[in-house]
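Taking our numbering, the leading residue of the sequence shown gets 84, the next gets one more, and so forth.
Think of the CB as a built atom: it goes at the ideal place given N, C-alpha and C, for glycine as much as any other residue.
In this text the structure is predicted, and so the values were computed from the model without any measurement.
The structure appears right after this line, and notes come after that.
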Amino acid sequence: MTHAKRRILFHRSWTIFNGGTSGGQIKVRDAFEHFKHASAFNPCIYFGEKTVWYDNPGNVWHPYRNIALEHWAINPSDVLFFAGFDWKILSPEQQLNPPVPVLNIAQPRHTRPEDQRHAFLQYPAIRIAKSSIGKKILEDFGVNGPVFCIPDAIDLKALPAPNSAPDLDVLIVGLKHPDLARRLKARLERRNRFRLKKLKVAIQIPPKLPTRQDFLDLLNRCKIAAFLPLDAQRGAEGFYLPALEAMAMEKLVICPYAVGNIDFCLPDKTCIQPVYNEDAIYEAILQGLKMSHDRQQEMIKAGKAISFNHDLPQERDAYLQLLNQTDEIWQQQDLFHFPKK
Numbered sequence: 084m085t086h087a088k089r090r091i092l093f094h095r096s097w098t099i100f101n102g103g104t105s106g107g108q109i110k111v112r113d114a115f116e117h118f119k120h121a122s123a124f125n126p127c128i129y130f131g132e133k134t135v136w137y138d139n140p141g142n143v144w145h146p147y148r149n150i151a152l153e154h155w156a157i158n159p160s161d162v163l164f165f166a167g168f169d170w171k172i173l174s175p176e177q178q179l180n181p182p183v184p185v186l187n188i189a190q191p192r193h194t195r196p197e198d199q200r201h202a203f204l205q206y207p208a209i210r211i212a213k214s215s216i217g218k219k220i221l222e223d224f225g226v227n228g229p230v231f232c233i234p235d236a237i238d239l240k241a242l243p244a245p246n247s248a249p250d251l252d253v254l255i256v257g258l259k260h261p262d263l264a265r266r267l268k269a270r271l272e273r274r275n276r277f278r279l280k281k282l283k284v285a286i287q288i289p290p291k292l293p294t295r296q297d298f299l300d301l302l303n304r305c306k307i308a309a310f311l312p313l314d315a316q317r318g319a320e321g322f323y324l325p326a327l328e329a330m331a332m333e334k335l336v337i338c339p340y341a342v343g344n345i346d347f348c349l350p351d352k353t354c355i356q357p358v359y360n361e362d363a364i365y366e367a368i369l370q371g372l373k374m375s376h377d378r379q380q381e382m383i384k385a386g387k388a389i390s391f392n393h394d395l396p397q398e399r400d401a402y403l404q405l406l407n408q409t410d411e412i413w414q415q416q417d418l419f420h421f422p423k424k
């Protein structure tokens, strides 16, 4: 007699055209796929009633639409997997006292009172941080429940092969700082007036490209990739996938400190790491352009090597290990603050 697998219940919802295209959505989708390898569990997905399915090829959840649950209902044996605003699917009573164990991806910026997800940190959950410092920030803040660090990973096999003949000298990835990206591009182009060999500079600013593959293909066209992640004033990054993807694709990376990138953006080893302001980033780009070939290759090789620490099978093993310990952790009542009965 075979026993039915326990469900791991996911919830996703969006109402904007680009919903389902972000790095956060990719990593929740990756967790869903990882859990398919769990012998005793079965991941299931419910899409909120307000979800709007735009004809957007970049939505990573499109392939799951036809297998989604029709109704949200928690079984006593379920495990919930939450990220972002998923907590809103629960009633206020369930948020304070979840009926089943909850695994919850949490970001350092959620500790900021102005963040819309700030209140969720008071609810009991087994938290998943994406960097060593993210784990410390969440623990120091005092989230309700233990925090485990599972760094983000990328699908190294799905990345385009490094471009042997890139046509862009510099790509400035500025989705999160478009004005700064434009200013940096203008400064580099003004510099072109005095050069016989003109720099070829491009920027990525909103709107997003249709798919992640489109972004990776654009990234693969450059020699130097300069990134403008969320800065500390806006909460910083939980991880920051694009810089790691660029390292894996053998680009010389320029990326300011953004909290979540601390474990792979190593200053003067895997990347150039300027202070987060226009002048410093501009000077870092010039530094990269003037850098000797041997020094460039030294940093590029170190970046590629560190990207091997972030392959999907390693992430999957870490998730499955945590999942298999979920019941044991959840039963340790002293790790959580449940309301008094």
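Item to complete: Mind checking which residues open and close the alpha helix (DSSP H) that includes V162?
Response: Premise fails: V162 lies in the beta strand (DSSP E), V162 to A166, not in any alpha helix (DSSP H).
Worksheet entry | DSSP three-state assignment for L251, whether helix, strand or coil | Assignment of L251 by DSSP, reduced to helix, strand and coil, places it in the strand class.
Worksheet item: Is it right to say N303 is buried, meaning 16 or more other beta carbons lie within 10 angstroms of its own, or is it exposed?
Response: So N303 counts as buried.
Discussion item. So, with DSSP's three-state summary, where would you put D377?
Written reply: Of the three classes helix, strand and coil, the one that applies to D377 here is helix, per DSSP.
Worksheet item: Going by alpha carbons, who is nearest to P290 out of S375, K110 and P261?
Response: Ranking the options by Cα distance to P290, first place goes to P261.
Worksheet item: How long is the line joining the alpha carbons of M84 and A123, rounded to whole angstroms?
Response: Note that M84 has pLDDT 49, beneath the 50 cutoff, so the model's placement of it is unreliable and no number is given.
Worksheet item: In three-state DSSP terms, what is D351?
Response: Coil at D351, not helix or strand.
Discussion item. Suppose the cutoff is 6 Å on Cβ atoms and the five residues either side in sequence are ignored; what does the same chain contact list for A166 look like?
Written reply: Sequence-distant partners of A166 (beyond 5 residues in either direction) whose C-beta falls short of 6 Å from its own C-beta, in its chain, are V111 and I188.
Practice prompt. Sort A87, A121, K171 and N149 by Cα distance to W97 and report the nearest one.
Written response: Measuring from the Cα of W97, the nearest candidate turns out to be K171.
Worksheet item: In whole angstroms, what separates the C-alpha of C354 from that of F118?
Response: The straight-line gap separating the alpha-carbon atoms of C354 and F118 is approximately 33 Å.
Discussion item. For Y402, tell me which candidate among A87, I109, E116 and T104 has the shortest Cα-Cα distance.
Written reply: Looking only at A87, I109, E116 and T104, the smallest Cα-Cα distance to Y402 is reached by E116.
Worksheet item: Should L279 go down as buried or exposed, given a rule of 16 or more other Cβ atoms within 10 Å for buried?
Response: With fewer than 16 other Cβ atoms within 10 Å, it is exposed.
Worksheet item: Contact between the segment 304 to 321 and the segment 333 to 345: three or more CB pairs below 8 Å?
Response: Yes, the segment 304 to 321 touches the segment 333 to 345.
Fill in: Opening and closing residue of the alpha helix (DSSP H) in which K110 lies
Counting along the chain, the alpha helix (DSSP H) containing K110 begins and ends at G106 to F118.
Discussion item. If you measure between the beta carbons of N142 and G103, is that distance less than 9 Å?
Written reply: Taking 9 Å as the cut-off, the beta carbon of N142 is found closer than this to the beta carbon of G103.
Worksheet item: Of all the options W144, L239 and A285, which has the alpha carbon lying nearest to the alpha carbon of P249?
Response: It is A285 whose Cα lies nearest to the Cα of P249.
Worksheet item: Is the beta carbon of Y206 sitting closer than 9 Å to the one on P181?
Response: Against a cut-off of 9 Å, the Cβ pair of P181 and Y206 comes out as a contact.
Fill in: Nearest-angstrom beta carbon gap, K373 and M330 [assumed within contact, 8 Å]
Between M330 and K373 a beta carbon distance of about 21 Å is seen, past the 8 Å cut, so the two are scored as non-contacting.
Worksheet item: Which residues bound the alpha helix (DSSP H) around N149?
Response: No alpha helix (DSSP H) holds N149; DSSP gives it neither H nor E.
Worksheet entry | Neighbour flag for N246 against chain B, beta carbons, 9 Å | Given the protein chain composition of this structure (a single chain), no chain B is represented.
Worksheet item: At which residues does the alpha helix (DSSP H) containing Y402 begin and terminate?
Response: Taken as a continuous stretch (DSSP letters only), the alpha helix (DSSP H) holding Y402 covers L395 to W413.
Item to complete: Using 8 Å as the cut-off, classify the Cβ of S105 as near or not near the heavy atoms of the ligand COA, replying yes or no.
Response: As presented, the structure is devoid of all ligands, the ligand COA included, so that no description of it is given.
Item to complete: Scan the segment 307 to 356 and note each continuous alpha helix (DSSP H) run of 4 residues or more that stays entirely inside, going in chain order.
Response: Listed in chain order, they are 324 to 331.
Worksheet item: Which same chain residues, not among the five before or five after S215, have their C-beta less than 8 Å away from its C-beta?
Response: C232, I345 and D346.
Discussion item. Once the 5 residues before and after N101 are set aside, which same chain residues still bring their CB inside 6 Å of it?
Written reply: The answer, listed in chain order, is K291.
Worksheet item: What runs of the beta strand (DSSP E), each 3 residues or longer, lie entirely inside the segment 230 to 275?
Response: Counting only runs of 3 or more, we get 230 to 232 and 251 to 256.
Practice prompt. Find out if the Cβ-Cβ distance for the pair L263, L311 is shorter than 9 Å.
Written response: Less than 9 Å separates the beta-carbon of L263 from that of L311.
Fill in: Three-state secondary structure (DSSP) of K277
The sequence given here has Phe at residue 277, not Lys. If DSSP states are grouped into helix, strand and coil, F277 belongs with the helices.
Practice prompt. Quick one: grab the DSSP three-state call for L186.
Written response: In the structure shown, L186 sits in a strand (DSSP, three-state: E or B).
Worksheet entry | Close-in-space but distant-in-sequence residues of the same chain around P140 (CB under 7 Å, 5 per side omitted) | Contacts found: P293 and T294.
Discussion item. On the CB-based measure, 16 or more other CB atoms within 10 Å of its CB, does Q287 come out buried or exposed?
Written reply: Q287 counts as buried, since at least 16 other C-beta atoms from the protein chains shown sit within 10 angstroms of its C-beta.
Practice prompt. With I157 as the anchor, note down where its beta strand (DSSP E) starts and where it stops.
Written response: Careful: I157 lies outside any beta strand (DSSP E) and carries neither H nor E.
Worksheet entry | Buried or exposed by the 16-neighbour rule on C-beta atoms within 10 Å, applied to D300 | With fewer than 16 other Cβ atoms within 10 Å, it is exposed.
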